[in-house]
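Take a look at the structure below.
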Amino acid sequence: SPVVFDLIRDTARTKKIPYSVHAVGRDTSTNADAIHIAREGVATALISVPNRYMHSPNEMVSLEDVDKTAALLAETCKAVDPKTDFTAR
């Protein structure tokens, strides 16, 4: 959802949380795919933690990336209030 994307991006900028944007032109193999194609009006965005060797016994992440991702999620949730409109513009 462009609305959710803007909220996440604006939160990251305001709180000075580093982020990067990676567009995926195919299925992401996440629940976000099913939510998106259901077309039931659920605003969706996908936030990922950078990693190596995904789905292997040796998957690796930076603890700093995990902490910053958690902070971004928490701050984005705190930015939502009763007036937040997730309707696509």
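Sequential numbering of the sequence shown, starting at 1058, is according to the working numbering.
Note that CB positions come from ideal geometry on N, CA and C, so glycine has one too.
query, result
"V1123, DSSP secondary structure in three states", "helix"
"E1121 and T1068 closer than 7 Å at C-beta", "no"
"Residues near L1130 by beta carbon distance below 7 Å, same chain, minus five either side", "I1104"
"Proximity below 7 Å, CB of V1061 to CB of A1102", "yes"
"Option in G1098, N1115, P1114 with minimal Cα separation from P1059", "G1098"
"According to DSSP, residues forming a beta bridge with M1117", "R1109"
"Contact check, I1074 vs A1136, beta carbons under 7 Å", "no"
"Exposure label - I1065; buried when at least 16 CB within 10 Å", "buried"
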